[in-house]
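Undergrad: Here it is, the structure in full.
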Amino acid sequence: MSARFFWNSKRHKPARAAVAPPDQTPIAFHRRLPGYEPTPLVSVPELARVLGVGDVLLKVESSRFGLPAFKILGASWAVYRALEARLGRILGPWRTLEELAQNLAPIRPITLAAATDGNHGRAVARMAALLQFQSRIYVPAGTAQARIDAIASEGAQVEVINGTYDQAVERSARDAGERCLVISDTSWPGYEDVPRSVIDGYSTIMSEIDDELARRDEPGPEFIAVQFGVGALAAAVVKHYRAHRAAVQPGILSVEPLSAACMLASMEAGEIVLVPGPHVSIMAGLNCGRPSIVAWPIVSTGIDGFIAVNDERAREAMRALARVGIVAGETGAAGLAGLLELLTGPENEERRAELHIDTATRVLVFVTEGATNPASYADILSLSPTESSESPGRAHGTLMMD
Numbered sequence: 028m029s030a031r032f033f034w035n036s037k038r039h040k041p042a043r044a045a046v047a048p049p050d051q052t053p054i055a056f057h058r059r060l061p062g063y064e065p066t067p068l069v070s071v072p073e074l075a076r077v078l079g080v081g082d083v084l085l086k087v088e089s090s091r092f093g094l095p096a097f098k099i100l101g102a103s104w105a106v107y108r109a110l111e112a113r114l115g116r117i118l119g120p121w122r123t124l125e126e127l128a129q130n131l132a133p134i135r136p137i138t139l140a141a142a143t144d145g146n147h148g149r150a151v152a153r154m155a156a157l158l159q160f161q162s163r164i165y166v167p168a169g170t171a172q173a174r175i176d177a178i179a180s181e182g183a184q185v186e187v188i189n190g191t192y193d194q195a196v197e198r199s200a201r202d203a204g205e206r207c208l209v210i211s212d213t214s215w216p217g218y219e220d221v222p223r224s225v226i227d228g229y230s231t232i233m234s235e236i237d238d239e240l241a242r243r244d245e246p247g248p249e250f251i252a253v254q255f256g257v258g259a260l261a262a263a264v265v266k267h268y269r270a271h272r273a274a275v276q277p278g279i280l281s282v283e284p285l286s287a288a289c290m291l292a293s294m295e296a297g298e299i300v301l302v303p304g305p306h307v308s309i310m311a312g313l314n315c316g317r318p319s320i321v322a323w324p325i326v327s328t329g330i331d332g333f334i335a336v337n338d339e340r341a342r343e344a345m346r347a348l349a350r351v352g353i354v355a356g357e358t359g360a361a362g363l364a365g366l367l368e369l370l371t372g373p374e375n376e377e378r379r380a381e382l383h384i385d386t387a388t389r390v391l392v393f394v395t396e397g398a399t400n401p402a403s404y405a406d407i408l409s410l411s412p413t414e415s416s417e418s419p420g421r422a423h424g425t426l427m428m429d
């Protein structure tokens with residue numbers, strides 16, 4: 028089987044998202060962190076021609092605060108909010124991370140724990156180091172050594188679990204206690220506040236897109252493809268674009284690996300289900316067996332279509348992005364992989380009609396990571412590992428936003 032597709036005929040718009048005061052929004056927090064800058068929003072006519080649409084906008088998340096993925100946005104906001112909750116009060120004024128770390132002195136020593144396929148755990152470890160805490164990160168069996176080494180480089184203790192990502196999540200949950208905060212991007216009964224903060228943290232991406240399109244005096248996207256692991260990013264996309272304030276209600280497509288299509292399977296079942304492992308897709312960041320329970324009510328009512336693709340589509344998407352100067356890892360290219368299957372694969376005319384996509388449609392795609400496993404990237408693109416880790420291109424910030 029090369030792909031699966033589920034059309035959400037019951038999709039309806041969720042209730043309007045709550046709006047925080049301007050000084051407490053995630054983007055206001057992110058702007059205070061050293062090294063903040065919006066990531067590029069790139070129009071790629073070459074991909075639009077391949078897909079048969081009017082325009083393809085890539086939100087390139089291959090460099091955030093010096094990390095090769097978007098995950099730091101959710102992790103940083105969730106860590107901040109969780110530490111406030113542990114402290115029992117809103118953190119006082121701070122101008123630098125050093126001042127913020129000083130404000131957190133009353134709750135030390137404390138460890139931040141997380142489970143990850145790579146990027147989320149590294150982001151949690153980075154925040155722990157910046158705020159002078161310890162970190163312990165659990166990864167599933169089969170995690171690429173390059174990703175383990177990257178997490179360890181942030182000062183984290185890394186433990187490999189003899190099991191799946193979901194089993195790593197279960198192991199991390201057991202660490203919660205007086206001296207350990209679990210910072211998970213997925214949720215389970217009784218553990219929901221932190222994952223909600225992760226979702227809210229990702230709203231910065233959509234705020235940047237809105238700001239950039241307004242600066243260009245361009246309309247918003249009419250169709251969006253978003254990667255789905257446990258659903259935090261997808262939930263952030265739905266919350267933003269299904270809010271009443273949104274002028275345009277774009278179609279939204281969820282993209283998963285065939286071997287870990289937990290959201291598609293849950294939609295077919297009408298409830299959250301577990302897709303048993305092992306989950307062996309090269310789209311490692313999406314190798315999740317169960318959707319987050321806090322994301323489920325948002326994404327199950329707000330996403331139009333769900334597609335699961337094989338690894339060859341991910342490789343095809345990586346190569347297509349490389350041809351236009353974008354360095355994207357396997358998970359980073361998954362959104363485009365879903366569109367390639369949807370719009371160029373079998374039954375594409377029927378799916379175009381279902382999702383109201385034509386040759387004038389403006390499409391938004393998230394490139395969620397760079398080459399986080401250089402050896403794999405080199406193999407897929409037939410480069411040397413040195414070339415794959417040093418490729419400049421648009422994804423590394425050399426392309427100015429239009």
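Just add 27 to the spot in the sequence shown (first one is 1) and you have the working numbering. Where is the CB? At the ideal position from N, CA and C, for every residue including glycine.
1) What does DSSP give as the partner residues of Y218 in its beta bridges?
2) Assuming F393 is part of the beta strand (DSSP E), what are its boundary residues?
3) Hey, V336 and A261 are a contact pair by Cβ (cut 8 Å); roughly how many whole angstroms apart?
4) One question on the structure: do R38 and E249 come within less than 8 Å of each other, judged by their Cβ atoms?
5) Keeping to the same chain, check which residues put their C-beta closer than 8 Å to that of E73; ignore five residues upstream and five downstream.
6) Give me the DSSP bridge partner(s) of G204.
7) When the distance is taken between beta carbons, is L285 closer than 8 Å to M345?
8) Does M28 pass the burial test, meaning 16 or more other C-beta atoms within 10 Å, or should it be called exposed?
9) Let me know the secondary structure DSSP gives G420 once reduced to three states.
10) Does the distance from the C-beta atom of V166 to that of T191 stay below 8 Å?
11) Any idea what DSSP makes of S103, helix, strand or coil?
12) Would you report the Cα separation of L124 and Y107, rounded to the nearest angstrom?
13) In the DSSP assignment, what residue or residues form a beta bridge with V307?
14) Taking 8 Å as the cut-off, does the stretch 189 to 203 touch the stretch 80 to 92 (at least 3 CB pairs, one atom from each stretch)?
15) Does K86 come out as helix, strand or coil in the three-state DSSP assignment?
16) Rounded to whole angstroms, what is the Cα-Cα separation between R76 and I137?
TA: Reading off the structure:
1) Looking at the DSSP assignment, Y218 forms a beta bridge with W215.
2) R389 to V394
3) Cβ-Cβ separation between V336 and A261: approximately 15 Å, too far for a contact (criterion under 8 Å).
4) no
5) R350 and V351
6) C207
7) no
8) exposed
9) Confidence in G420 is poor, its pLDDT being 44 and thus under 50, which makes the residue's placement unreliable; the coordinate value appears in the next sentence. Three-state DSSP puts G420 in coil, outside helix and strand.
10) no
11) helix
12) Using only the alpha carbons, I get a separation of about 11 Å.
13) Paired residues: none, contrary to the question.
14) At 8 Å Cβ cutoff, the stretches do not touch.
15) strand
16) 52 Å
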